[in-house]
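> Per the working numbering, residue -7 is the first one in the sequence shown, and the count goes up by one each step.
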Amino acid sequence: MSSSDYEGIDCEMIHDKTLTQHDCVFKISIIGDTSVGKSCLLKRITDNEFKETYELTIGVEFGSILFKMQEKILKLQIWDTAGQENFKSITKIFYRGTHCVFLAYDTSRESTFENAEKWLKEVRQNSGSDVIVFLVGTKADVSPRAVTEEQALEFKEKHNLHYFIETSAKTNLNIESLFTVAAQKLFVKYKAKIENMVDESEGKPQSAGPSKFLLDRGDKTEEKKKKSGCGC
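(1) According to DSSP, is SER135 helix, strand or coil?
(2) Could you say which of GLU187, ILE22, PHE54, LEU58 lies nearest to GLN13 if we only look at CA atoms?
(3) Taking ILE57 as part of the beta strand (DSSP E), name the residues at either end of that continuous run.
(4) Taking the alpha-carbon of THR38 as reference, which of ALA96, LYS181, SER56 has the nearest alpha-carbon?
(5) Going by C-alpha to C-alpha distance, which of GLN176, GLN143, LYS19 sits closest to ILE70?
(6) Give me whichever residues DSSP pairs with PHE94 in a beta bridge.
(7) Would DSSP call ASP15 helix, strand or coil?
(8) Look at the Cβ atom of LEU165, then the Cβ atom of THR159, and state whether they are nearer than 8 Å.
(9) Run the CB neighbour count on LEU145, radius 10 Å, all protein chains shown included, and call it buried at 16 or more, exposed below.
(10) Among CYS3, LEU33, THR99, LYS177, whose alpha-carbon lies nearest the alpha-carbon of PRO136?
(11) Excluding the 5 residues preceding and the 5 following GLU168 in the sequence, name in chain order all residues of the same chain whose CB lies nearer than 8 Å to its CB.
(12) May I ask you to list the residues that DSSP assigns as paired with ASP72?
(13) Would you tell me roughly how many angstroms separate the C-alpha atoms of THR130 and ALA175, rounded to the nearest one?
(14) Give the secondary structure of GLN117 by DSSP, where H, G and I count as helix, E and B as strand, and everything else as coil.
(15) Less than 6 Å between C-beta atoms, sequence neighbours within five positions excluded: which residues of the same chain meet that for ASN107?
(16) Could you give the first and the last residue of the continuous alpha helix (DSSP H) run that contains ILE37?
(17) So, GLY29 versus ALA161, is the Cβ gap smaller than 8 Å?
(18) Can you say whether ALA184 is buried or exposed, counting buried as having 16 or more other CB atoms within 10 angstroms of its CB?
(19) Under DSSP, the beta strand (DSSP E) around GLY6 begins and ends at which residues?
(20) Mark SER103 as exposed unless 16 or more other C-beta atoms lie within 10 angstroms of its C-beta, in which case mark it buried.
(21) Are SER119 and TYR97 closer than 8 Å when you measure CB to CB?
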């Protein structure tokens, strides 16, 4: 997808945490080896915080952010998965309904990049065929570097990934840009479904969405789930 696809599409991250209304929800899963900085990405984008040390993620953690695009409010629900082998059987279920995957590796640790192919294979075994996959280099502020941009770009092209970017949660390098591009790509991909959404109050059926693409009408959807007993 080229940058021209985004012409005329304003995309703004909403930093007002009191705002809860949104039009739809997309699920993003961050995967990769232990200690590549997945939790740091999540904490930086959701709370604008960085800690030098984090406890290992046990199972899955998640947070959410909002973007405004063409008068629609998109909620990105971000899932940070554990990278330890002993949690693989647990975290596999969280691939379900994922619209976008951030495949993270540490630019200062070559082994984490070498394992990216293994992680990508797992994504493609457990996610829908249309899932968007980003290759995300973390800790770009750290030297010496063990993985070059050229190596990462070659990996991206070889595996036909959707985007590559290097980031640093410590210096806040490209963090918001990463999630902004994700929001843009998701908006473009599902634009027709998003624009065709209608309020239930109008008496028209909601558009159906793929997988766990929640055409969420905020509190109305929650009320509907409670009444119907649907836990999906």
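Beta carbons are placed, not taken as given, at the ideal position from N, Cα and C, and that holds for glycine.
In short:
(1) coil
(2) LEU58
(3) 52 to 61
(4) SER56
(5) LYS19
(6) ILE22, PHE126
(7) coil
(8) yes
(9) exposed
(10) THR99
(11) MET5, ILE37
(12) ILE22, GLU53
(13) 19 Å
(14) helix
(15) ASP25
(16) 30 to 39
(17) yes
(18) exposed
(19) The displayed chain sequence assigns Ile, not Gly, to residue 6. That run of the beta strand (DSSP E) goes 3 to 6.
(20) exposed
(21) no
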